[in-house]
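Residue numbers (our numbering): 7 to 265.
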């Protein structure tokens, strides 16, 4: 009879192997897809997943395990890693927490419990309303591709565990900064026109001049960037309050960038 620890490890290995199969080719740029008229480049955090709520929930759980002082220390390391990397890097923050905290302060069993909170978080419960229906609808208009910023481990697990990878048939790309890889993205998923869907207006503003009329910028006003002032000279082609609102837009509107 397997121990619960072995079972948990075995499940994690199966999930990672399955995730690797889903993402192979797409992440490496090894698979080139046929040209389509329209491709959707869709962000994850606060676009498809309510990431601000996830962070609050994780904070409550790890606070129970470690107490307020170590929890505060973890979030300090989280912010340090985010500033250094330019994206959220939870594995790095956890590694630093272990390296910088004595066993007397944080025993190994408690640390492993904390890691398991991140590894086994039910991300599918954090999907915004109508995400699955929206992805299904957009797939009838063009090719849906998840293009996410983040670390290649935790972010990939999040996308798999939430079912988002399956919802876009494994078309998932993860970068440190997606703006730097637009040509690689277009080479992997060729299209006449792209619609970039994101909750961060600065990313949309960075990408618009690089692709010009080939890109429709779609600002989803969800999460902490919803009320962020727009960069001078930039106006999103389409703005919506909720990701589900995109079900009301036609292919022609995405192609024209018409509100």
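We put the beta carbon where it would ideally sit given N, CA and C, even for glycine.
Grouping DSSP H, G and I as helix and E and B as strand, with all else coil, what is residue 245? Taking the first residue of the chain shown as 1, we reach residue 245 at position 239. Strand.
Tell me the DSSP secondary structure of residue 200 in three-state form. Numbered from its first residue, the chain shown carries residue 200 at position 194. Strand, per DSSP.
For residue 231, the three-state DSSP class (helix, strand or coil): Locating residue 231 in the chain shown gives position 225, where the first residue counts as 1. In the structure shown, residue 231 sits in a helix (DSSP, three-state: H, G or I).
Closest Cα partner of residue 227 within the set 210, 214, 174: The residue you call residue 227 lines up with position 221 of the chain shown. Among 210, 214, 174, the Cα nearest to that of residue 227 is on 210.
When you compare the segment 120-136 with the segment 147-154, are there three or more beta-carbon pairs, one atom per stretch, that lie closer than 8 angstroms? no
Helix, strand or coil at residue 63 [DSSP, three-state]: Within the chain shown, the letter at position 57 stands for residue 63. Residue 63: helix per DSSP, three-state reduction.
Residues near residue 68 in its chain [Cβ-Cβ closer than 7 angstroms; skip 5 each side]: In the chain shown, counting from the first residue as 1, residue 68 sits at position 62. Only 77, 80, 120, 123 meet the Cβ criterion.
To which residues of the same chain is residue 103 closer than 6 angstroms at the C-beta, ignoring the five residues directly before and after it? Within the chain shown, the letter at position 97 stands for residue 103. Answer for residue 103: 80, 83, listed in chain order.
Beta-bridge partners of residue 178, as assigned by DSSP: Here residue 178 refers to the residue found at position 172 when the chain shown is read from its first residue. Bridge partners of residue 178: 152.
By Cβ distance, which residues of its chain are closer than 7 angstroms to residue 188, with the 5 residues on each side in sequence left out? Along the chain shown, one-based indexing puts residue 188 at 182. So the qualifying residues of the chain are 213, 216, 217.
Measure the C-alpha to C-alpha separation of residue 196 and residue 106 and round it to an integer number of angstroms. One-based indexing of the chain shown puts residue 196 at position 190. One-based indexing of the chain shown puts residue 106 at position 100. If I take the Cα positions, the gap works out to 46 angstroms.
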